[in-house]
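S.K.: Using the numbering used here, you'd call the opening residue of the sequence shown number 9 and step up by one each time.
Where is the CB? At the ideal position from N, CA and C, for every residue including glycine.
Before we start, here is the structure in question, set down as structure tokens.
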Amino acid sequence: MEARKKLFLIYFMLAGSTFAQSFHNPSLNGAEETSTNLGEVESRENAPDLEFQYHDHDQMTRYLRAVSAKYPELTALYSIGKSVQGRDLWVMVVSVSPYEHMIGKPDVKYVANIHGNEAVGRELLLHLIQYLVTSYATDPYVKWLLDNTRIHLMPSMNPDGFAISREGQCDTIHGRHNARRHDLNRNFPDFFKANTKQPQPETEAVKQWISKIQFVLSGSLHGGALVASYPFDNTPSSMFQNYEHTPSISPDDDVFKHLSLVYSKNHAKMSRGVSCKSGSPRFENGITNGAAWYPLTGGMQDYNYLWHGCMEVTLEISCCKYPPAHELPKYWQDNKQSLIKYLAEVHRGAHGFVMDENNNPVERAAIKIKGRDVNYHTTNFGEFWRILLPGTYRMDISAEGYLPQEVEFIVIDSHPTLLNVTLRSAKRIDGGPYYRPLPPPPRAPPVPTPSTGIFASLTNSFNNMVSNFFG
Ligand SMILES: *[C@@H]1O[C@H](CO)[C@@H](O)[C@H](O)[C@H]1NC(C)=O
Ligand SMILES: [Zn+2]
9 MEARKKLFLI
19 YFMLAGSTFA
29 QSFHNPSLNG
39 AEETSTNLGE
49 VESRENAPDL
59 EFQYHDHDQM
69 TRYLRAVSAK
79 YPELTALYSI
89 GKSVQGRDLW
99 VMVVSVSPYE
109 HMIGKPDVKY
119 VANIHGNEAV
129 GRELLLHLIQ
139 YLVTSYATDP
149 YVKWLLDNTR
159 IHLMPSMNPD
169 GFAISREGQC
179 DTIHGRHNAR
189 RHDLNRNFPD
199 FFKANTKQPQ
209 PETEAVKQWI
219 SKIQFVLSGS
229 LHGGALVASY
239 PFDNTPSSMF
249 QNYEHTPSIS
259 PDDDVFKHLS
269 LVYSKNHAKM
279 SRGVSCKSGS
289 PRFENGITNG
299 AAWYPLTGGM
309 QDYNYLWHGC
319 MEVTLEISCC
329 KYPPAHELPK
339 YWQDNKQSLI
349 KYLAEVHRGA
359 HGFVMDENNN
369 PVERAAIKIK
379 GRDVNYHTTN
389 FGEFWRILLP
399 GTYRMDISAE
409 GYLPQEVEFI
419 VIDSHPTLLN
429 VTLRSAKRID
439 GGPYYRPLPP
449 PPRAPPVPTP
459 STGIFASLTN
469 SFNNMVSNFF
479 G
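Structure representation (structure tokens):
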């Protein structure tokens, strides 16, 4: 009940802003409307001003509202909840379909400023919003991206921590935590070790959010280093657990390395792997396995991947956590290409639909690539996405009440592989009722079950009502 109430609140925030207005605007999806709408977008190219300076919470809120008012066809602003001190956790969607999930097209996200004093990502996401909305009409690549992807951008997951942080402080931890002194990137459920930390409102809001929307790809923006750090952040308990610098390899290590390299190689300097200062590590090609750098419990990226099949990489984008504002244009130039190219990687691999014999979507079917012992699940539209490098794969599809199926397919470099799978209902031998009773939806956090593979029991959940609004 509590969850439902919250979700309605989110909906009303949307309704209160520009939902009604956008309802009357023909979507840019309609082929016939395209040319006229493009003209409109062009004539609005004077986006609200966005200076290269730090924006406090009120200034940021004003900017986001102004953009969503100016670009109702390309943006939607929503809040996923509030911080301890009551600041909204804003998310801006930028897409040709900002208010509605596009069936068959993926949702992606960036989250910045989870550590309140790591401020560069917060400003870069505002500039990314600005860049995307002002380039849609003129840049074919941006147009393609927004036509085929819903991009959710959260400039600050820790607005309270940011409020007490100070410009120019490169190395302190003042402002890192939320208002109750919790490190939000140690506050998520952990697969490898028990996390006994008290869940914080900011973390709870993010958990709700990513359980409602099937995000396929994500980046978490940090500062204090220059490296793309990929799962796993934590390691299985073992007698060797105290040894540092041991990588904790995920079943999708090849994909995570690739995604990290896309960021580092499109960045002006990250791939050079120069250490931030003497004594701090240097990272070959500007990437690292998270645990190989240092293991941590309760991080957001392992949670995204193992609970929700969302591939998240931690992007450390500035040696100085809160550099002087006059350096912001340089950070934007260094990261602009990376930020865009990384998100486009969501269109790599395989995606499709799982349907029953009557062409109805099969929700929560388990999708498992052979040799990659982690379960992904279909959405309530029967959709799935799996980012994979070129190669030949076998995939198991199973759902309660249906005969499991195995599909072999090829992934190539130039475009994603579309796979539509039809599952046949499991009939009883005596010709009785077709469907076995459905078990209650999984609620408990995943528990390792060694007999069926360590990742087999991971769960994912969707909520029909909210998916209608947020997809
Ligand atoms: C795959 O299924 C989707 C959803 O039913 C449908 O829209 C699409 O046309 C199908 N594609 C192919 C190639 O069968
Ligand atoms: Zn950080």
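#1: Locate the beta strand (DSSP E) running through H359, then write down its first and last residues.
#2: Measure from the alpha carbon of I431 to the alpha carbon of each residue in Y401, R372, M363, then state which is nearest.
#3: Comparing alpha-carbon positions, which option in P337, V321, H160, E292 lies nearest D261?
#4: In the DSSP assignment, the beta strand (DSSP E) including A153 goes from what residue to what residue?
#5: So within the stretch 168–229, which uninterrupted alpha helix (DSSP H) runs reach at least 4 residues, ignoring any that extend past its ends?
#6: In this structure, what does DSSP give as the bridge partners for N388?
#7: How would you call S43, buried or exposed, if buried means at least 16 neighbouring beta carbons within 10 angstroms?
#8: Of the residues V104, G294, N368, W217, which one's Cα is nearest the Cα of W315?
#9: For K90, which residues in the same chain have their Cβ closer than 8 Å to its Cβ, ignoring the five residues on either side in sequence?
#10: Alpha carbon to alpha carbon, how far is G357 from G399?
#11: What residue range is occupied by the uninterrupted alpha helix (DSSP H) comprising F264?
#12: Give the DSSP-derived three-state secondary structure of V75 in the structure shown.
#13: If you reduce the DSSP assignment to three classes, tell me which class D96 lands in.
#14: Going by DSSP, name the residue or residues bridged to M319.
#15: If I follow the unbroken alpha helix (DSSP H) through T83, where does it start and stop?
#16: Do F361 and ligand 1 come close, with the Cβ less than 7 Å from some heavy atom?
#17: Quick one: Cα of L304 to Cα of Q61, how far?
#18: Less than 8 Å between C-beta atoms, sequence neighbours within five positions excluded: which residues of the same chain meet that for D198?
#19: Could you give the first and the last residue of the continuous alpha helix (DSSP H) run that contains V141?
#20: Since I believe Y71 is in contact with H63 (beta carbons under 8 Å), could you give me their beta-carbon distance rounded to a whole number of angstroms?
M.R.: This is what the structure holds:
#1: 358–364
#2: The amino acid at residue 431 is misidentified as Ile; the sequence shows Leu. For the residues Y401, R372, M363, the minimum Cα distance to L431 belongs to M363.
#3: V321
#4: In the sequence on display, residue 153 carries Leu and not Ala. Element bounds for L153: not the beta strand (DSSP E) but the alpha helix (DSSP H), 148–156.
#5: 209–220
#6: Answer by DSSP bridge pairing: none, since N388 is not bridged.
#7: Model confidence at S43 stands at a pLDDT of 35, short of 50, so the residue's coordinates are unreliable and nothing is read from them.
#8: W217
#9: D96, L97, P209, A213
#10: 9 Å
#11: 261–274
#12: helix
#13: strand
#14: L225
#15: Careful: T83 lies outside any alpha helix (DSSP H), inside the beta strand (DSSP E) at 83–90.
#16: yes
#17: 32 Å
#18: N242, T305, G306, G307, D310, Y311
#19: 128–143
#20: 6 Å
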